[in-house]
Amino acid sequence: MAPGANLLSKRIAAKCVVVAVIVVVIIVGGGGGGGDASVATVLVLVGVGVIVVVAAVIVVAVVVVVVVVVVVVVVVVVVVVVFVAVVVVVAPVVAVVDILAIAVVFF
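Residue numbering for the sequence shown follows the numbering used here, starting at 89 and increasing by one per position.
(1) Within 10 angstroms of its Cβ, does V182 collect 16 or more other Cβ (buried), or is it exposed?
(2) Output yes or no for whether 9 Å exceeds the beta carbon distance between I100 and V141.
(3) Quick one: give me the first and last residue of the alpha helix (DSSP H) that F194 is part of.
(4) Note down the Cα distance separating V132 from A108, rounded to an integer number of angstroms.
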């Protein structure tokens, strides 16, 4: 997991819970004589809050996976570029040095 991803998901979850609690308090406090309807509304809001928290955690997990994939792709690209640079630049230089060494030995 990327550094800070766990903290980010905890912050998002905490904010979702706070919003859900505030909404529940407003509805319960403002529901004069609602009775069963108020309880049903509270249950629906708690369910929505749980869904929002789960969705936030899933979004954070997807972001972490995307970041890891991007980092892996960048590392692979860098390794390939370095390998190609070594093959294109260093190999011919080594070949020329070898040829010159052979020429010096024979002549």
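Cβ coordinates follow ideal geometry from the N, Cα and C atoms, glycine included.
So, from the data block:
(1) exposed
(2) yes
(3) 179 to 194
(4) 10 Å
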